[in-house]
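There are 2 protein chains.
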Amino acid sequence: MAEQVYYEDIEAGSEIPALVKRPDTRQLVKFAGASGDYYQIHYDKDFALASGLPGVIVHGWLTLSFLGQVLTDWLGEKGTLVKLNGSYRGMNLVHEDIICGGKVTRKYEEDGRQLARVEIWAENPRGEKTVTGQAVVALPSRA
Amino acid sequence: MAEQVYYEDIEAGSEIPALVKRPDTRQLVKFAGASGDYYQIHYDKDFALASGLPGVIVHGWLTLSFLGQVLTDWLGEKGTLVKLNGSYRGMNLVHEDIICGGKVTRKYEEDGRQLARVEIWAENPRGEKTVTGQAVVALPSRA
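Taken in sequence, the protein lines are chains W and H.
For the first sequence, my numbering assigns the number 1 to the initial residue and increments by one for each residue that follows.
For the second sequence, my numbering assigns the number 1001 to the initial residue and increments by one for each residue that follows.
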């Protein structure tokens, strides 16, 4: 577990510790069941190739879930993920690294809470952004 | 829906209407979730080939479930499947026909019920038995 982050520790531009995930076919099959998305491009390589894809494709919602993990790992026990959204930009292939990162864009107080806006993104090994999004987090204060 | 079968209609040697199933990768992925059997030979063709198998393999429990369907389709609304068991004998591949059949081996009355013992089997397109089993069913009487 990383050290607890506090509102005082961050500023606009602060980077969030990256997380690298490498989902295998089993994880995609489990995610198909968890999400109800049984589209064959997510587990049937022959189907994916016949559809003109380079291989089995990771569910975009799974990649966004990894971005959620980047945030909750960083926020620790005392922080809260308030809002998360993302957009699908490109493909992650099964058995390939998904590099997940984020950066604080703004910190502000509102309704007595210490908040931060965060940009988040996932990349494939070709350096292409595959999911990008924004989050709002609430951080504990050292005060 | 087939016509209702009655105890008076059958005798040792009576055949049960065959059922042909052809599971696709989606059905196997759904069955992985339903059964909790996430072994990759059931959805990951590369993994299956690397394991020395000729392709993606149907879960034996799914084939046995089809044999259950042969029986319940035949038994109709008024009959009851009392017991079902089976043994794995050989492989069914995804996208191939599974020919499911059965035959009554004995009819008898016990504790006021009209029962039958049934042999059941599944075959692959190469004529190999892949799952074989036995069932006990209770049938309604015309009396």
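From the three backbone atoms N, C-alpha and C, an ideal C-beta is built for every residue, glycine too.
Here the structure is a predicted model, which is why all the values come from computation and not from measurement.
Residue i to residue j span [Cα, whole Å]
i: W:L84; j: W:D37; result: 20 Å
i: W:A12; j: W:A122; result: 20 Å
i: H:V1104; j: H:N1124; result: 21 Å
i: H:A1135; j: W:D44; result: 35 Å
i: H:Y1006; j: H:Y1039; result: 41 Å
i: H:D1009; j: H:K1030; result: 37 Å
i: W:K129; j: H:L1075; result: 56 Å
i: W:D58; j: W:L71; result: Checking the sequence, you will find Val at residue 58 of chain W rather than Asp. Whole-angstrom Cα-Cα distance: 20 Å.
i: W:R113; j: W:P23; result: 36 Å
i: H:D1097; j: H:K1021; result: 6 Å
i: W:M91; j: W:A116; result: 28 Å
i: W:P54; j: W:D46; result: 10 Å
i: W:C100; j: W:Q4; result: 19 Å
i: W:S141; j: W:E109; result: 11 Å
i: W:Q69; j: W:S35; result: 17 Å
Residue environment, residue i, which counts as buried when at least 16 other CB atoms sit within 10 Å
i: H:L1049; result: exposed
i: H:A1143; result: exposed
i: H:G1052; result: exposed
i: W:G127; result: exposed
i: H:H1042; result: buried
Cβ-Cβ separation, residue j to residue i (assumed contact under 8 Å), whole Å
i: H:L1067; j: H:G1133; result: 6 Å
i: W:V56; j: W:L93; result: 7 Å
i: H:G1060; j: W:G33; result: The Cβ separation is near 20 Å, so there is no contact.
i: W:L139; j: W:G79; result: 5 Å
i: H:T1063; j: H:V1131; result: 5 Å
i: W:G86; j: W:I16; result: Going by Cβ atoms, the distance from W:G86 to W:I16 rounds to 15 Å, so no, they are not a contact pair.
| request: Return the chain-ordered ranges of every beta strand (DSSP E) run that is complete within the segment 1054 to 1097 of chain H and spans a minimum of 3 residues. | output: 1080 to 1088
| request: Would you list, in chain order, the members of the segment 1021 to 1038 of chain H that have their beta-carbon closer than 7 Å to a beta-carbon of chain W? | output: T1025, R1026, V1029, K1030, A1032, G1033 and Y1038
| field | Where the segment 43 to 69 of chain W meets chain H: residues whose CB sits under 8 Å from a CB there | value | Within the segment 43 to 69 of chain W, the residues whose Cβ lies closer than 8 Å to some Cβ of chain H are Y43, D44, K45, D46 and F47, listed in chain order.
| message | Any C-beta of chain W within less than 7 Å: which residues of the segment 1103 to 1122 of chain H qualify? | response | Those would be none; no residue qualifies.
| query | In chain order, which beta strand (DSSP E) runs of at least 3 residues are fully inside the segment 1101 to 1143 of chain H? | reply | 1113 to 1123 and 1129 to 1138
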